[in-house]
Every structure is written in C-alpha cells, then in structure tokens.
Amino acid sequence: MTATDSGHPVTLRLFPDYAGTVLWMSGPVDYEASGLTSGLIRALRSWEESYYRSLTPDLQWVSAEAGKRFTTNGVQLARCLADELGEDYQIEFTTYEKGGAPAGVFRSSGPARNADAVARFNALVIALQAQEDEGNQAQADRQRGKGWYAWAPLSGNFFRR
Numbered sequence: 001m002t003a004t005d006s007g008h009p010v011t012l013r014l015f016p017d018y019a020g021t022v023l024w025m026s027g028p029v030d031y032e033a034s035g036l037t038s039g040l041i042r043a044l045r046s047w048e049e050s051y052y053r054s055l056t057p058d059l060q061w062v063s064a065e066a067g068k069r070f071t072t073n074g075v076q077l078a079r080c081l082a083d084e085l086g087e088d089y090q091i092e093f094t095t096y097e098k099g100g101a102p103a104g105v106f107r108s109s110g111p112a113r114n115a116d117a118v119a120r121f122n123a124l125v126i127a128l129q130a131q132e133d134e135g136n137q138a139q140a141d142r143q144r145g146k147g148w149y150a151w152a153p154l155s156g157n158f159f160r161r
C-alpha cells in the first residue's frame, strides 16, 4: 500500500509558521524526518529565516521587495519539492505578500527524484490515515453510546476503555 493508493496526489503545504519547519501536512513535518536532500533542507531553512528577517515587529513586510522575494523563492522551493517527491505529491504554496500571487499548486510531471523522501512521506501519510481512522471509529463509538474514549489532540492518540 502506498500513500497515494486513493488515486489522488498527497498535498504538502509550504509556509513558515514558527514551527521550525515550513513543511506541513496535518501538522508540521520535521526536516530530519523528511528524507529530503540536504541542499533542499538548507534552502528551506534559509527561506524561512529570510521570512522572519523581512518582517517588522508588527509582522509587516519591511518592503514590498521583501514580500516579492519571499514569493519568488517560495515558488522555486515548491517546484523543487514537487520534483523531489514526484507526481504522487502536490505542493501548495500561498504567499503572505500583500496583493501577491494567489495560491499555487505545484506538481511534478515525472517520477520522484528522491525515493527516500517519498518513502518517508508515504509512511507519514499512512500513519496520519491510521490516526484519522482511529478517530473516526472512536467518534462512531461515542455517537452510538458505546464505550469510553479519550483523545489527546497534541499527540493524536486515542485511548479506549
């Protein structure tokens, strides 16, 4: 079973949000767990750092040019991510630039260039699907008044009695 057995591409979102990573699925994806090439990880970190340096204390762009650079670099990184992960993944990038480009979805037209990253993201997708399935079962049990359960939202764990 692969992460894309549904026939639909898996969406990976790209944006900085004070989580130590710009990679997001249902939550942040740690760079070290991603399997992405070291060069791409360095570029993602650099892009995120440049974002924070480009903001004023009230979270406005220091200049229109800084916002444009953020968008241009984000689009380039989204394309690089798409190429590493191949046609079974799509990268969603939305700029924070005022009046900037609308959301873009980037997808490779060919096979993945990084099999390790694909394997790691596939494993993550399968784990996330298992958590969702567990949550759906617990919710169905609760609606039927069946059993006791608790959910820990930070870890995504469900506990049944």
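Its first residue numbered 1, the sequence shown is counted upward by one per residue in full-length UniProt numbering. For every residue, glycine included, the Cβ atom is placed at its ideal position computed from N, Cα and C.
Buried or exposed: where does residue i fall if 16 or more other Cβ atoms within 10 Å of its Cβ makes it buried?
i      : result
Ser34  : buried
Gln60  : exposed
Leu154 : exposed
Thr56  : exposed
Ala117 : buried
Since residue i is in the beta strand (DSSP E), which residue starts that stretch and which ends it?
i      : result
Val105 : Gly104 to Arg107
Tyr89  : Tyr89 to Phe93
Arg13  : Val10 to Leu14
In the DSSP assignment, find the alpha helix (DSSP H) that holds residue i and state where it starts and stops.
i           : result
Phe70       : Ala64 to Leu85
Leu44       : Ser38 to Arg53
Glu97       : Glu97 -> no alpha helix (DSSP H), and no H or E assigned at all.
residue 190 : With the chain represented from 1 up to 161, any question about residue 190 goes unanswered, as that position is not in the structure.
If distances are taken between C-alpha atoms only, which option among the options comes closest to residue i?
i      : options                           : result
Ala130 : Val118, Asn157, Arg113 and Ala112 : Asn157
Ala78  : Ser26, Tyr18 and Ile41            : Ile41
Gln76  : Leu44, Ala19 and Phe159           : Leu44
Val10  : Ala119, Ala150, Ala152 and Phe159 : Ala119
Phe115 : Thr94, Glu132, Thr95 and Asp83    : Sequence inspection shows Ala at residue 115; the Phe mentioned does not correspond to that position. That would be Asp83, whose Cα lies nearest to the Cα of Ala115.
Using a Cβ-Cβ cut-off of 6 Å (strictly less than) and excluding sequence neighbours within five positions of residue i, which residues of its own chain qualify?
i      : result
Pro16  : Val22, Glu48 and Tyr51
Glu87  : Ser108
Val105 : Gln90 and Glu92
Leu128 : Ser26
Ala103 : Thr94
Am I right that residue i and residue j are in contact with their C-beta atoms under 8 Å? What's the rounded C-beta distance?
i      : j     : result
Arg107 : Gln90 : 4 Å
Phe70  : Glu92 : With 8 Å as the limit, Phe70 and Glu92 do not qualify as a contact, their Cβ atoms being about 16 Å apart.
Leu14  : Gly74 : 6 Å
Ala66  : Ser54 : 4 Å
Less than 8 Å between C-beta atoms, sequence neighbours within five positions excluded: which residues of the same chain meet that for residue i?
i     : result
Leu12 : Leu23, Trp24, Met25, Val29, Leu81, Leu85, Tyr89, Gln90, Ile91, Glu92 and Phe121
Who are the near neighbours of residue i in its chain, counting only those whose CB is closer than 7 Å to its CB and skipping five residues on each side?
i     : result
Thr95 : Phe70, Thr71, Gly74 and Ala101
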